[in-house]
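Enquirer:
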Amino acid sequence: MAKKSAHVEKPKPYTGSTFKVSIKRQATPDAPSTTEVFNLPYRSGLNITSVLVDIAANPVNASGATTTAIAYDSNCLEEICGSCAMLINGKARMACSALVDTLLHENGKGEITLAPLSKFPVVRDLAVDRSVLFENLKAVKAWVPIDGTYDLGQGPKQFPQIQEQRYPLSNCISCTICMEVCPQFNDSTNFVGAATIAQARLFNLDPSGAVLKEERLRALAGDGGVQECGYAMNCVQACPKQLPLTEAISDVSRDVIVQQVKDFFSL
Amino acid sequence: MAAVPRIIVVGGGLAGLSAVMKIAEAGGKVDLFSIVPVKRSHSVCAQGGINAAKNLKGEGDNVDKHFDDTVYGGDFLANQTPVKNMTAQGPAIIDLLDRMGVPFNRTPEGLLDFRRFGGTLYHRTAFAGATTGQQLLYALDEQVRRHESEGRVTKYEGWEFLSAVIDSTGVCRGICAMDLRSMEVRTFPADAIIICTGGNGAIFGKSTNSVVCTGSAQSALYQQGVSYANGEFIQVHPTAIPGEDKLRLMSESARGEGGRVWVPRNKNDKRPAKTIPEQDRWYFLEEKYPKYGNLVPRDIATREIHKVVYENEMGIDGQPMVYLDVSHIDRATLERKIEGILEIYEKFVGEDPHEVPMKIFPGVHYTMGGTWVDFNQMTNVPGIFAAGEADYSIHGANRLGANSLLSCIYGGFVAGPNAMTYAKNLPATQGDGGHAAEKLRQLEMNNILLHNQGSENPFKLWRELGDTMTRHATIVRYNKGLREADEKIVELLERYRNINLSDKSQWANTSFAFSRQLYNMLQLARVIVQGAEKRDESRGAHYKPDFPDRNDADFLKSTIANYDAASDAPKLTYEEVDTQWIKPRPRVYTSA
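Chains L and X, in that order, are what the protein sequence lines are.
For reference, each letter of the first sequence is one residue, going 1 to 267 in the numbering used here.
For reference, each letter of the second sequence is one residue, going 268 to 859 in the numbering used here.
Pasting the structure below:
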């Protein structure tokens with residue numbers, strides 16, 4: 001199924017000469033957090049990552065004191081590497097595609113707030129440790145167990161319909177926004193989160209990857225597994241790449257139950 | 268000889284991960300170093316596809332034609348033997364990727380679909396929507412995660428390569444790296460190292476590259492005695508979205524799927540693009556290159572756009588922009604084949620390219636030059652290998668679209684096994700192999716930087732470097748400008764000594780890490796401008812109006828830069844190009 005294209009309103013130009021950015025800062029994982037305010041010269045076409053580079057090039061806060069550059073993760077700056085997720089005006093999203101013009105209108109205050117994702121350990125300032133997702137991907141064996149990298153000829157034929165189901169799932173950029181916004185993703189449930197479940201689905205759909213389907217489903221059964229999902233649907237709304245996350249979760253849920261029944265009767 | 272060879276791979280993009288897979292599969296132990304989690308490497312940005320002459324469209328394509336297109340596209344500067352090997356392996360590499368589960372687009376019969384790309388007349392490019400690099404990177408990342416979970420690979424993500432550890436006999440014995448959180452500097456032993464650290468777009472300030480593409484590792488090695496080749500060959504991609512912070516790539520696949528480049532015939536035409544009738548549009552690429560049309564090689568398309576904007580002064584609204592139009596293609600096709608890139612345009616520009624033509628301009632995109640390697644991907648320092656965009660092989664003076672993903676995987680597949688063979692025959696280390704001395708050298712460099720009391724800001728110096736490089740060393744080059752650029756870089760190197768870090772802390776200090784990269788960018792920038800200044804001809808991406816023709820008699824040679832410590836400057840020499848398979852001929856795309 002083809003994705004709907006993301007229709008975005010062209011932001012109206014901001015008329016002020018400066019704008020205010022409040023940033024939640026934390027020097028180390030154990031340090032208390034503080035808020036630092038910056039008044040920055042306005043240019044059209046800014047996004048949040050360029051705001052952060054502007055601060056690095058002139059690290060002076062609103063009270064005129066010299067400060068340090070903001071620590072944050074970024075790489076591609078075009079919303080495909082998944083690095084720069086953070087809370088912008090309180091909402092989890094990618095800093096590179098968050099346009100200042102849009103944000104200044106958003107809360108009507110002509111002000112932008114930045115904070116680190118709240119459900120991952122803070123490394124420093126806006127940089128957090130999201131390695132839990134990569135560990136989860138190991139747990140569900142999110143790969144095709146090929147025999148080897150030597151030339152074994154063509155892969156299996158695959159109808160376009162299968163590719164069209166798999167491709168959207170394979171667009172996951174591991175930004176962890178789906179986990180951040182999920183009410184069930186917390187220490188008490190140990191829920192793996194939507195991204196991991198979607199990857200399990202992706203590999204279960206692959207003709208060769210399906211050889212590990214049962215193992216993946218067993219890994220997603222029980223505590224922290226797919227059953228923890230409360231169907232709040234926050235994930236699918238927040239996903240910057242519009243992955244069909246709730247669809248993947250319900251498909252995997254069904255498959256997990258079937259697997260559990262099979263396992264119970266040792267089928 | 269080590270019982271189990273221990274290999275360090277630096278960089279976790281396609282080239283690095285390819286090397287890791289081969290080594291792990293052959294029973295070696297790999298330590299994989301990457302600044303970012305490997306799944307966030309710059310390969311993820313590649314869009315359009317990967318070339319291989321599978322000939323699934325009944326066109327009579329074959330690997331020899333792919334070989335010829337690549338050498339010809341590169342204006343005969345590439346050593347031909349590795350190109351021949353790469354193109355020969357293309358079909359098997361695609362098959363492997365397919366077996367790994369890459370969601371390539373399919374034909375109704377369930378076979379791989381192929382699209383056209385620049386510099387060829389064949390449908391030779393396999394693709395997964397317009398996010399092919401992302402899909403390939405993920406497939407390799409998954410395979411490496413599997414090896415990691417089975418104990419053959421250890422990842423050091425969030426570590427930055429600082430230098431190679433080289434023993435008293437000139438043999439590499441490991442690397443020195445810095446943890447970007449704790450700022451700890453450590454050396455790691457290895458029997459061989461493979462550098463897969465990508466391109467150096469950041470030297471130009473704004474480019475299509477990711478933040479980590481600074482060329483810092485290649486430059487550090489160059490300063491340690493590793494030769495750097497063809498530095499002056501930088502690809503400027505014809506179609507990027509101009510932006511405040513970066514130039515976002517608009518893939519060649521937009522043209523491969525029928526996108527057309529045009530400007531209004533009348534430069535004062537103020538009508539909205541969609542309402543300008545066909546006869547009032549100037550499709551300048553199609554007009555000048557009837558055979559290849561919008562799919563001429565990138566250097567040519569880039570120069571034509573530059574000319575339309577700056578010589579003919581026909582940029583849209585007088586701005587440095589031309590139209591890239593896909594709005595005539597039906598929505599279903601666009602969604603199936605290039606939705607990913609159209610989404611990027613819509614998100615960052617706020618206009619819907621399904622409805623209105625995109626506005627684009629060329630942007631620095633790919634580093635054809637790089638660390639010098641032999642045909643086994645080994646550098647001139649024993650034990651140091653390189654692969655992917657970081658090395659100089661394959662693409663010559665201009666890279667063809669969709670050849671980069673192939674060259675990265677090919678390079679990794681050659682470097683990995685050769686590093687294993689080398690490691691198995693390596694005599695044991697004498698003493699500590701230079702580890703203590705190298706660590707000390709790096710700690711001293713850190714100390715100087717942290718205790719400087721000057722007034723310079725590293726990010727401001729970087730912006731000045733980018734402005735200079737973009738002005739003098741991109742699409743059109745003049746010797747006077749190149750010399751000015753070199754002088755400017757020397758000035759920036761001088762001012763670098765006066766950097767005053769506002770942040771002197773020892774935890775996740777990004778300005779500090781960036782300053783280390785900046786020094787290396789400055790050193791490598793000199794290699795680029797000096798190589799360009801000395802090359803008095805025009806070849807591929809290197810274009811000098813004062814020397815408009817290719818000059819094989821004097822310059823059918825690779826530029827080799829070696830760092831001269833005494834003068835703190837590059838020393839340039841030249842090396843013959845391997846042209847044993849295809850005789851160089853004039854490169855003309857206006858006819859067949």
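No residue lacks a Cβ here, since even glycine has one placed at the ideal position from N, Cα and C.
Computed from a predicted structure; not experimentally measured.
Interface residues of chain X around ASN190(L) at Cβ under 8 Å?
Expert: The residue given as residue 190(L) occupies position 190 in the first sequence. The contacting residues do not exist; ASN190(L) stays about 19 Å from chain X at best.
Enquirer: Beta carbons nearer than 8 Å to chain X: which residues of the region 236-261 of chain L have them?
Expert: Under the 8 Å Cβ criterion, the region 236-261 of chain L contributes no residue.
Enquirer: Going by DSSP, name the residue or residues bridged to HIS809(X).
Expert: Within the second sequence, residue 809(X) is the residue found at index 542, counting from 1. Partner(s): ARG806(X).
Enquirer: State the DSSP-derived secondary structure class of ALA210(L), mapped to helix, strand or coil.
Expert: Along the first sequence, read from residue 1 onward, the residue named residue 210(L) stands at position 210. Looking at ALA210(L) - three-state DSSP - the assignment turns out to be helix.
Enquirer: Rounded to the nearest angstrom, what separates SER253(L) and VAL226(L) at their Cα positions?
Expert: Position 253 of the first sequence, counted from the first residue, corresponds to residue 253(L). Position 226 of the first sequence, counted from the first residue, corresponds to residue 226(L). Cα to Cα, the separation comes out at about 6 Å.
Enquirer: DSSP on ASP592(X), reduced to helix/strand/coil?
Expert: Here residue 592(X) is taken as the residue at index 325 of the second sequence, counted from 1. DSSP places ASP592(X) in strand when its eight states are reduced to three.
Enquirer: Taking the C-alpha atoms as reference points, what is the distance between CYS229(L) and ALA195(L)?
Expert: Stepping through the first sequence from its first residue, residue 229(L) is reached at position 229. Stepping through the first sequence from its first residue, residue 195(L) is reached at position 195. One C-alpha to the other measures close to 12 Å.
Enquirer: Would MET635(X) and ILE756(X) be called neighbours here (beta carbons separated by less than 8 Å)?
Expert: Within the second sequence, the letter at position 368 stands for residue 635(X). Within the second sequence, the letter at position 489 stands for residue 756(X). No. Outside cutoff.
Enquirer: To which residues of the same chain is ASN767(X) closer than 8 Å at the C-beta, ignoring the five residues directly before and after it?
Expert: In the second sequence, residue 767(X) corresponds to position 500, counting from 1. So the qualifying residues of the chain are ASN719, GLN720, GLY721, SER722, GLU723, ASN724.
Enquirer: Just the Cα atoms here: how many angstroms apart are ARG413(X) and LYS138(L)?
Expert: By one-based count along the second sequence, residue 413(X) stands at place 146. By one-based count along the first sequence, residue 138(L) stands at place 138. So the alpha carbons of these two residues sit roughly 7 Å apart.
Enquirer: Closer than 8 Å by beta-carbon distance: list the chain L residues that pair up with TYR405(X), in chain order.
Expert: In the second sequence, counting from the first residue as 1, residue 405(X) sits at position 138. Near TYR405(X) (Cβ distances below 8 Å), the residues of chain L are SER170.
Enquirer: Anyone know if the C-beta pair for LYS332(X) and TYR389(X) falls short of 8 Å?
Expert: Numbered from 1 along the second sequence, position 65 holds the residue referred to as residue 332(X). Numbered from 1 along the second sequence, position 122 holds the residue referred to as residue 389(X). In contact: LYS332(X) and TYR389(X) (Cβ atoms closer than 8 Å).
Enquirer: With a cut-off of 8 Å on the beta carbons, I'd call ILE795(X) and ALA740(X) a contact; round off their distance for me.
Expert: Working through the second sequence from its first residue, we reach residue 795(X) at position 528. Working through the second sequence from its first residue, we reach residue 740(X) at position 473. With a Cβ gap of about 6 Å, ILE795(X) and ALA740(X) count as contacting.
Enquirer: Could you tell me whether the region 742-754 of chain X touches the region 562-580 of chain X, where touching means 3 or more Cβ pairs closer than 8 Å?
Expert: Short answer: they touch.
Enquirer: For a cutoff of 8 Å on Cβ pairs, would you count LYS614(X) as touching chain L?
Expert: Counted from its first residue, the second sequence places residue 614(X) at position 347. Yes, contact with chain L.
Enquirer: When the Cα atoms are used, what is the spatial distance from ALA653(X) to ALA270(X)?
Expert: Counting from 1 along the second sequence, the entry for residue 653(X) is found at position 386. Counting from 1 along the second sequence, the entry for residue 270(X) is found at position 3. Their backbone Cα atoms lie some 23 Å apart in a straight line.
Enquirer: Quick check on this structure: which residue in GLY341(X), THR354(X), ASP458(X), MET288(X) has the alpha carbon closest to the alpha carbon of LYS422(X)?
Expert: Residue numbering aside, residue 422(X) sits at position 155 when the second sequence is read from its first letter. Nearest of GLY341(X), THR354(X), ASP458(X), MET288(X) to LYS422(X), Cα basis: MET288(X).
Enquirer: Assign THR600(X) to buried or exposed, taking buried as 16 or more other Cβ atoms, counted over all protein chains shown, within 10 Å of its Cβ.
Expert: The residue given as residue 600(X) occupies position 333 in the second sequence. Its Cβ having fewer than 16 others within 10 Å, THR600(X) is exposed.
Enquirer: Could you work out which residues of chain L lie near MET712(X), taking near to mean beta carbons separated by less than 9 Å?
Expert: Counting from one through the second sequence, the residue named residue 712(X) turns up at place 445. The contacting residues do not exist; MET712(X) stays about 20 Å from chain L at best.
Enquirer: Go ahead and pull the three-state DSSP assignment for GLY441(X).
Expert: Within the second sequence, numbered from 1, the residue matching residue 441(X) stands at position 174. Correct three-state label for GLY441(X): strand.
Enquirer: Find out if the Cβ-Cβ distance for the pair LEU281(X), GLY655(X) is shorter than 8 Å.
Expert: The residue given as residue 281(X) occupies position 14 in the second sequence. The residue given as residue 655(X) occupies position 388 in the second sequence. Yes, Cβ-Cβ distance for LEU281(X) and GLY655(X) is below 8 Å.
Enquirer: In the structure shown, what three-state DSSP assignment does GLN502(X) receive?
Expert: By 1-based counting over the second sequence, the position of residue 502(X) is 235. GLN502(X): strand per DSSP, three-state reduction.
Enquirer: Could you tell me the distance, in whole angstroms, from the CA atom of LEU749(X) to the CA atom of PRO505(X)?
Expert: As a first step, residue 749(X) is located in the second sequence; it is residue number 482 there, counting from the start. As a first step, residue 505(X) is located in the second sequence; it is residue number 238 there, counting from the start. Each residue's alpha carbon lies about 22 Å from the other.
Enquirer: So, with DSSP's three-state summary, where would you put SER5(L)?
Expert: What you label residue 5(L) is simply residue 5 of the first sequence in a count that begins at 1. Confidence at SER5(L) is low in this model, with a pLDDT of 47, below 50, so the placement of that residue should be treated as unreliable; the coordinate-derived value is given next. Three-state result, SER5(L): coil.
Enquirer: What is the DSSP secondary structure of GLU424(X), counted as helix, strand or coil?
Expert: Your numbering for residue 424(X) matches position 157 in the second sequence. If DSSP states are grouped into helix, strand and coil, GLU424(X) belongs with the strands.
Enquirer: Can you confirm whether PRO694(X), when its beta carbon is compared against all beta carbons of chain L, has any partner nearer than 8 Å?
Expert: Residue mapping note: residue 694(X) aligns to position 427 of the second sequence, counting from 1. No, because no Cβ of chain L sits closer than 8 Å to the Cβ of PRO694(X).
Enquirer: At the level of alpha carbons, what is the spacing between GLU247(L) and ARG93(L)?
Expert: Here residue 247(L) refers to the residue found at position 247 of the first sequence. Here residue 93(L) refers to the residue found at position 93 of the first sequence. Each residue's Cα considered, the two are about 21 Å apart.
Enquirer: Thinking just about the alpha-carbon of each residue, which of ILE317(X), ALA669(X), ARG391(X), PRO629(X) is nearest to the one in LEU364(X)?
Expert: Walking along the second sequence from the start, residue 364(X) turns up at place 97. With distances taken between Cα atoms, LEU364(X) lies closest to ILE317(X).
Enquirer: In terms of alpha-carbon separation, which member of GLN697(X), PHE384(X), GLN546(X), LEU791(X) lies closest to GLY468(X)?
Expert: The residue you call residue 468(X) lines up with position 201 of the second sequence. Here the closest residue by C-alpha is LEU791(X).
Enquirer: Any idea which residues DSSP pairs VAL297(X) with across the strands?
Expert: Here the question's residue 297(X) lines up with position 30 in the second sequence. DSSP lists ILE274(X), VAL420(X) as partners of VAL297(X).
Enquirer: Taking only beta-carbon atoms, is ALA487(X) less than 8 Å away from chain L?
Expert: As a first step, residue 487(X) must be located in the second sequence, where it is residue number 220. Chain L contact via Cβ: absent.
Enquirer: Could you check the C-alpha separation between THR176(L) and VAL123(L) for me, to the nearest Å?
Expert: Numbered from its first residue, the first sequence carries residue 176(L) at position 176. Numbered from its first residue, the first sequence carries residue 123(L) at position 123. So the two alpha carbons sit approximately 16 Å from each other.
Enquirer: The alpha helix (DSSP H) with TYR262(X) in it runs from where to where?
Expert: An answer regarding residue 262(X) cannot be provided, because it is not within the stretch 268 to 859 covered by chain X.
Enquirer: Regarding ARG598(X) and the ligand COA, is the C-beta to nearest heavy atom distance less than 7 Å?
Expert: Here there are no bound small molecules, and the ligand COA is not part of this structure.
Enquirer: Select from ILE460(X), ARG565(X), PRO694(X), PRO370(X) the residue whose C-alpha is nearest the C-alpha of GLN165(L).
Expert: Translated into positions along the first sequence, residue 165(L) becomes position 165. Looking at the Cα atoms, PRO370(X) is the closest of the given residues.
Enquirer: DSSP three-state call for PRO837(X): helix, strand or coil?
Expert: Walking along the second sequence from the start, residue 837(X) turns up at place 570. PRO837(X) falls in the strand class under three-state DSSP.
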